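Just below is one structure, and these are the notes that go with it.
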Amino acid sequence: PPQQSPKNAQREYRTMKAFQYSSLPVVVAAIVGALHWAIIPVFAADDLVENLQIASPEPVCLIPQDSTVLEKQVWTVGVLAIRGFEAAYREFNTTFADYLTATAGQRFDPPIEFQLKPLNFLTLFEDSEQGNVDFIYVNPSAYSCIESEYGARSLASQISRRVVGGVTYNLKRFGGVIATLANRDDIQSIHDLKDKIVA
Numbered sequence: 204p205p206q207q208s209p210k211n212a213q214r215e216y217r218t219m220k221a222f223q224y225s226s227l228p229v230v231v232a233a234i235v236g237a238l239h240w241a242i243i244p245v246f247a248a249d250d251l252v253e254n255l256q257i258a259s260p261e262p263v264c265l266i267p268q269d270s271t272v273l274e275k276q277v278w279t280v281g282v283l284a285i286r287g288f289e290a291a292y293r294e295f296n297t298t299f300a301d302y303l304t305a306t307a308g309q310r311f312d313p314p315i316e317f318q319l320k321p322l323n324f325l326t327l328f329e330d331s332e333q334g335n336v337d338f339i340y341v342n343p344s345a346y347s348c349i350e351s352e353y354g355a356r357s358l359a360s361q362i363s364r365r366v367v368g369g370v371t372y373n374l375k376r377f378g379g380v381i382a383t384l385a386n387r388d389d390i391q392s393i394h395d396l397k398d399k400i401v402a
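Under this note's numbering, think of the first position of the sequence shown as 204, with each following residue one higher.
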């Protein structure tokens, strides 16, 4: 067979077999591709459950090809702390450390533990690359970069909801605005940005 690049070989090594495990709720995280997860109970805590969209057609458990992963006792969930580290602990520690440890963690013998690690935009990429986090909970923009660079795999996605005038809308896209100078007549659509620098 032809030689694979180290990156492709690593991605292939990370390939896991999926099995349905519908009796568990859903993990709100994406698995960082450089790491391997033993059995991922798909779950979420109370207020997050109704805002989830599963990345696969059915809830799954993932079992690695490398059984040495089963020996790992502490799993780290990295959370993008856009409102600061303290706010991230207040908002997510109950779900990603306490709840996961108390529910999913107890399904193992010996039990496993989950811990929360707040990340900023710099440490998010460093920790993903260095394998310091096992799962990440980030916005779609950051996730797409980590997926591309480090082979992350999405398990679930949170659906944002907004209420306007008493009507609830599910927001299914992540967008932004690009402003141009008034005298730039050459930029009228996103297609006009090709080969341009956007800052």
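Glycine residues also receive a C-beta, built at the ideal position from the N, C-alpha and C atoms.
All figures in this text were calculated on a predicted structure; none of them were measured in a lab.
Item, Value
"Thinking just about the alpha-carbon of each residue, which of GLU316, THR298, THR306 and CYS348 is nearest to the one in PHE324?", "CYS348"
"Roughly how many angstroms separate the alpha carbons of ALA284 and PHE295, rounded to a whole number?", "10 Å"
"Can you give the beta carbon distance from TYR353 to GLU332, rounded, assuming they're within the 8 Å contact cut?", "6 Å"
"In whole angstroms, what separates the C-alpha of GLN223 from that of ALA300?", "Low local confidence applies: a pLDDT of 21 at GLN223 is under 50, so the model's placement there is unreliable, and no value is given."
"The beta strand (DSSP E) that contains TYR346, what's its start and end?", "Careful: TYR346 lies outside any beta strand (DSSP E), inside the alpha helix (DSSP H) at 343-353."
"By the three-class DSSP mapping on this structure, what secondary structure does ILE393 have?", "helix"
"Shortest alpha-carbon distance to GLU350 belongs to which of VAL367, TYR372, GLN361 and LEU327?", "LEU327"
"Going by DSSP, which residues form a beta bridge with ARG310?", "In DSSP, ARG310 forms no bridge with anything."
"Can you have a look at THR371 and say buried or exposed, based on whether 16 or more other CB atoms are within 10 angstroms of its CB?", "exposed"
"For a cutoff of 9 Å on Cβ pairs, would you count ILE400 as touching chain C?", "Protein chain content of the structure displayed is limited to a single chain, and chain C is not contained in it."
"In the DSSP assignment, find the unbroken alpha helix (DSSP H) run with THR383 in it and report its ends.", "Unbroken run through THR383: none, as it is neither H nor E."
"Use the C-beta contact count for LEU384: other C-beta atoms within 10 angstroms, 16 or more gives buried, fewer gives exposed.", "exposed"
"Using the three-state DSSP reduction, which class does ARG365 fall into: helix, strand or coil?", "strand"
"Three-state secondary structure (DSSP) at ARG356?", "strand"
"One question on the structure: do GLY281 and PRO321 come within less than 9 Å of each other, judged by their Cβ atoms?", "yes"
"Give the straight-line distance between the Cα atoms of VAL341 and ASP388, rounded to the nearest whole angstrom.", "36 Å"
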